[in-house]
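What follows is a set of notes on a single structure, which appears directly below.
In this note's numbering, the protein residues as written are 11 to 324.
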C-alpha cells in the first residue's frame, strides 16, 4: 500500500534526483505553526466531509492564518496528480476513479463554513478524456445550488490533451473567477513545469475570457526559481495581452531536498517593484508579496477586483 507521507512514495519521479540544499529562510518568509480554535474547526469540517485541501497537500505557509479564519481551498479529483512538476509537493502517480459524490460534499462544506468566497482547485487528471472538466463544472453547480450567495473561483489544470469542449464546460458552469497559473517564465518550463506548455496555458486564459467576457481571469507566478526580472516583466505583458485581470506573485519555497532548488529569496522591496510595474501595465488587481499564493486572501481580493472593474467602467 502506497504511503503518501513517505517522500519517496509521494514523489517516485523525484526519488532519483540529487538533493538540493535548502537555504535558511529569511525573517520575512517565516510563519508560525498552525494552531487555534478556527484552525481546528476548519480541519475537522474537511475531515468529516472527506475533502482534500491544497493548503495541506501543497504545504502552503499560510494554512494557519487562512484556516483560523475559516477559509480553505478545496482540491478535488483526489490527492494524486498525473504531472510531476519539480516545484510541487502534491503526490504524483496514477489517480483513483473520480468520486461522484465529491461535488456535493464540497458544497456542504462551503455551506457549513459559511464562505462568502470559495476557491476550488484540482490535481491534473491527464488520465481523463476531458481532464476532469465536467467534474469541476458539477462542483461549481453544486456549490451554486447549496450556497447561492457564495462567489466561486476555480483554479484549473491546463487541459493540455483535451478538446476545446473541456474549457467550455467549465466556463459554461459560470464561475466568478477563472484562474490558471503560468507558474514561471517560459524559459524555465522544461525544468520547472515539464509536462506543461507556456503558450498553451496563456491561450487557455485568453480563451476563457473570449468564451465569457464578463468572467474575471487570474494567473500567478513564483519567483526565486532562477528567473530574471526582465522575464517576469515579459510574463506580465503576455498576461495583459491575454486580457488577464488579476496577477499574483509569490516566493517559491522548496518542499523537500528532491524538489527544484531555491535560487534566491526575493527581497520584499523587489516584490513592491513588481507590484508597481503590474499596476502600470493595467491589471485590475495585483498581489505580490513573499507569502502570496493563488488563494491567499482570495475573498477580500475578489471584492477589490469587482470594485476595480466597476470603477473602470465608470
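All residues carry an ideal CB built from backbone N, CA and C; glycine is no exception.
In this model, residue 188 and residue 215 are separated by some 8 Å (Cα to Cα).
Straight through space, the alpha carbons of residue 294 and residue 322 are spaced by roughly 9 Å. When beta bridges are read from the DSSP output, residue 261 appears opposite 233. Per the C-alpha coordinates, the member of 38, 35, 39, 87 positioned closest to residue 60 is 87. When the five nearest sequence neighbours on each side are left out, the beta carbons in the same chain lying within less than 6 Å of the beta carbon of residue 196 are those of 208, in order along the chain. Nearest to residue 124 by C-alpha distance, out of 153, 96, 109, 143, is 153. By the C-beta criterion, the stretch 236 to 244 is judged not to be in contact with the stretch 209 to 228, since fewer than 3 inter-stretch pairs fall below 8 Å. With a minimum length of 3 residues, the unbroken runs of beta strand (DSSP E) contained wholly in the stretch 185 to 260 fall at 187 to 189, 226 to 233. Here residue 308 has 127, 129, 163 as same chain residues with Cβ atoms under 7 Å from its own Cβ, once five neighbours each way along the sequence are excluded. Counting the other CB atoms within 10 Å of its CB gives residue 169 a total of 16 or more, which places it among the buried residues.
Inter-residue distance for residue 34 and residue 83 is about 28 Å (C-alpha atoms, whole angstroms). Looking at the DSSP output, residue 163 sits in a beta bridge with 129, 187. Taking a contact as a CB-CB distance under 8 Å, the pair residue 25 and residue 228 does not count as one, their CB atoms being some 34 Å apart. Between residue 245 and residue 231, the gap from beta carbon to beta carbon is short of 7 Å.
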